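Asker: Going by the numbering used here, the sequence shown opens with residue 282, and the numbers climb by one from there.
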Amino acid sequence: MEPVKVGLLGLGTVGGGTVNVLARNAKEITRRAGRGINIIHAAARDVNKTRGCNLDGIKVTTDAFAVVNNPDVDIVVELIGGTGVARELVQKALENGKHVVTANKALIARHGNELFATASSKGLMIAFEAAVAGGIPIIKAIREGLAGNRIQWLAGIINGTTNFILTEMRDKGRDFADVLKEAQALGYAEADPTFDVEGIDAAHKLTILASIAFGVPLQFDKAYTEGISGITREDVAYAAELGYRIKHLGMARKRDDGIELRVAPTLIPHRRLIANVDGVMNAVLVYGDAVGPTLYYGAGAGADPTASAVVADLVDVTRTLTADPENRVPHLAFQPEAIANVPVLPVEEIETAYYIRLLAEDKPGVLADVTRILGDQGISIEALIQKEPAEGADTVPVILLTHRMREKQMIAAIKRIEALSSIRAPVTRIRLEHLGAKG
Ligand code: NDP
Ligand code: HSE
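1. With distances taken from CA atoms, which of ARG697, THR587, PRO606 is nearest PRO418?
2. Spell out a yes or no on whether the segment 559-567 and the segment 380-392 are touching, meaning 3 or more CB-CB pairs, one atom from each, closer than 8 Å.
3. Under DSSP, the alpha helix (DSSP H) around GLU515 begins and ends at which residues?
4. Closer than 6 Å from C-beta to any heavy atom of the ligand HSE: which residues, in chain order?
5. Tell me whether MET691 is buried or exposed, calling it buried when 16 or more other Cβ atoms sit within 10 Å of its Cβ.
6. Answer yes if the segment 286-294 comes into contact with the segment 359-377, meaning at least three C-beta pairs across the two stretches below 8 Å, and no otherwise.
7. Could you round the C-beta distance between LEU716 and ARG543 to whole angstroms and report it? I think they count as a contact, below 8 Å.
8. What's the C-alpha gap between THR652 and GLU672?
9. Return the bridge partner residues of LYS535 from the DSSP annotation.
10. Any heavy atom of the ligand NDP closer than 7 Å to the CB of ASN335?
11. Since ILE356 and HIS380 should fall inside the 8 Å C-beta cutoff, what is the C-beta to C-beta distance between them, to a whole number of angstroms?
12. Check whether the Cβ atoms of ILE339 and VAL413 sit closer than 8 Å, and answer yes or no.
13. May I have the straight-line CA-CA distance separating GLY404 from THR603, to the nearest angstrom?
14. Using a 10 Å radius around the Cβ and a threshold of 16 neighbouring Cβ atoms, would you call HIS612 buried or exposed?
15. Quick one: grab the DSSP three-state call for ALA580.
16. Comparing the CB of VAL366 with every heavy atom of the ligand NDP, is any distance shorter than 7 Å?
17. For the 8 Å Cβ check, are there 3 or more pairs between the segment 481-500 and the segment 512-523?
18. Go ahead and label THR475 buried or exposed: buried means 16 or more other beta carbons lie within 10 angstroms of its beta carbon, across all protein chains shown.
19. Leaving out five residues on either side along the sequence, give the residues of the same chain with a beta carbon under 7 Å from the beta carbon of ALA571.
20. Using a 10 Å radius around the Cβ and a threshold of 16 neighbouring Cβ atoms, would you call LYS535 buried or exposed?
21. Looking at VAL285 and ARG316, is the spacing between their C-beta atoms short of 8 Å?
22. What does VAL382 pair with, by DSSP beta-bridge criteria?
23. Give the DSSP-derived three-state secondary structure of PRO546 in the structure shown.
24. As a quick exercise: from GLY454, ASP537, ASP456, LYS486, pick the residue whose alpha carbon is nearest that of ILE439.
25. Less than 8 Å between the beta carbons of THR633 and MET406, yes or no?
26. Please classify THR599: is it buried, with 16 or more other beta-carbons within 10 angstroms of its beta-carbon, or exposed?
27. For ALA641, list the residues DSSP reports as bridge partners.
28. With the cut-off set at 8 Å, would you say ILE680 and ILE662 are in Cβ contact?
29. Which one or two residues does DSSP pair with HIS757 in a beta bridge?
30. Can you give the Cα-Cα distance for LEU576 and GLN372, rounded to whole angstroms?
31. Please report the residue range of the alpha helix (DSSP H) in which GLN500 lies.
32. Given a threshold of 16 other Cβ atoms within 10 Å of its Cβ, counted over all protein chains shown, does GLY656 qualify as buried or as exposed?
33. According to DSSP, which residues form a beta bridge with ARG710?
34. Nearest CA to the CA of ALA533: which residue from ALA504, ASP559, ALA521, TYR519?
35. Considering just the uninterrupted stretch of the alpha helix (DSSP H) at ALA694, what are its terminal residues?
36. How should THR683 be labelled, buried or exposed, when 16 other C-beta atoms within 10 angstroms of its C-beta is the threshold for buried?
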């Protein structure tokens, strides 16, 4: 059979990795796909740049539209990123009747609903395994492997850059800005690294995971997002003393009244496997009613790991090119007409436990005031430690762990605690998840 012909948009970290993996494993890939997969046309901004991949036999252009308009191209692989020209190129590829493979989570999370509708109406596929958790085949696992389950919740470390930063800061005491620079040099970070640091990239990925887990439309604008820049070394150390690690966690939970969708720094018990996922590695913990917890682990970013997912999608699309479109795996796991409009809950309604750190004046009655306020709000305390005051300081750090509650209860309590004259505002609040059977 004739090899399938691919047009590649972008020759950066992931594009270069894709060229390399396809060439290196060509024989194995052909044996799996049933035919060869050849890149015939590629686009980048600068055709003269030295690249770490062999482009012999590939026509390279700066005009990305020439690739999507090339009548010989069967599958377009979009590895430019963002929602500008990448969106136009994917739309044009679909208009031209070409299947699409992409690693672009921003594009899928923000415009996937429309793009999938267009693709389905034309009998085309958009494959996006590389968009979530780099090399981990998490889309396939949830969409196909767990298809017999009602998925109740999932939690993931789904941004390699922030996990790398938090790990290096904790283990080596390195400076935030310095580690971020290294993550950029290693090709982990987004073109705009605030997407990583502020949790936007993780929220894109969580939006995608929630849709395929719960059968709801992609609703990125409803996801709650909090970055890692507020995490201090003290909080990391106190959390460790209490048996927890702080991770930048994406959490999606299905409740009777809606869906929780949030990315935030979160304390996780040290004994959980996911709490020990370090560096650029990612992990996703999925809880299905039939299977219970399952955990998926692997490299979350980088050239070859991400290319592994892109190439797997190319093999998948190649295998199903001749299949009846009605019988393909649906883009969002559920049949399009069965997607349910379940609301994403506002952050005030989420349910979680908390780590609280206060700076209190070292005098009698202060802790009693704090615990009374928590009690008034119906918040119950799981642990409380008061640290020694630093030399010469007139305040002491107090750390509290709470049981689960609605976020609005904690918001109200913190407002009252910060108003106490004996407490130095602001109060630090970090969410805490046990990630047991109930999430
Ligand atoms: P890079 O910045 O390394 O590569 C982007 C590529 O796109 C470059 O080759 C660039 O050309 C090319 N490009 C940009 N604009 C145009 C244009 N208008 N026309 C033609 N080519 C253009 O990005 P990554 O490879 O890191 O990321 C690509 C996608 O993969 C993004 O969506 C990203 O979110 C996603 N992703 C990245 C991962 C990673 O580990 N890096 C992991 C998982 C997903 P030139 O080289 O000449 O500048
Ligand atoms: N910037 C992303 C990360 C790339 O660090 O996880 C992989 O999606």
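Heads up, the beta-carbon is just placed ideally off N, CA and C, and yes, glycines get one too.
If you're wondering where the values come from, they're calculated on a predicted model, not measured in any experiment.
Answerer: Inspection of the coordinates gives the following:
1. THR587
2. no
3. 514-522
4. GLY415, ASN440, GLY441, THR442, TYR469, ALA470, GLU471, ASP477, ASP482, GLY581, ALA582
5. buried
6. yes
7. 14 Å between Cβ atoms; not a contact.
8. 26 Å
9. ILE540
10. no
11. 5 Å
12. no
13. 11 Å
14. buried
15. strand
16. yes
17. no
18. exposed
19. GLY429, ASN430
20. buried
21. yes
22. VAL358, ALA408
23. strand
24. LYS486
25. no
26. buried
27. VAL677, ILE704
28. no
29. Beyond the ends of the chain as shown, which are 282 and 720, falls residue 757; an answer cannot be given.
30. 35 Å
31. GLN500 -> no alpha helix (DSSP H), and no H or E assigned at all.
32. exposed
33. ILE637
34. ALA504
35. 688-699
36. buried
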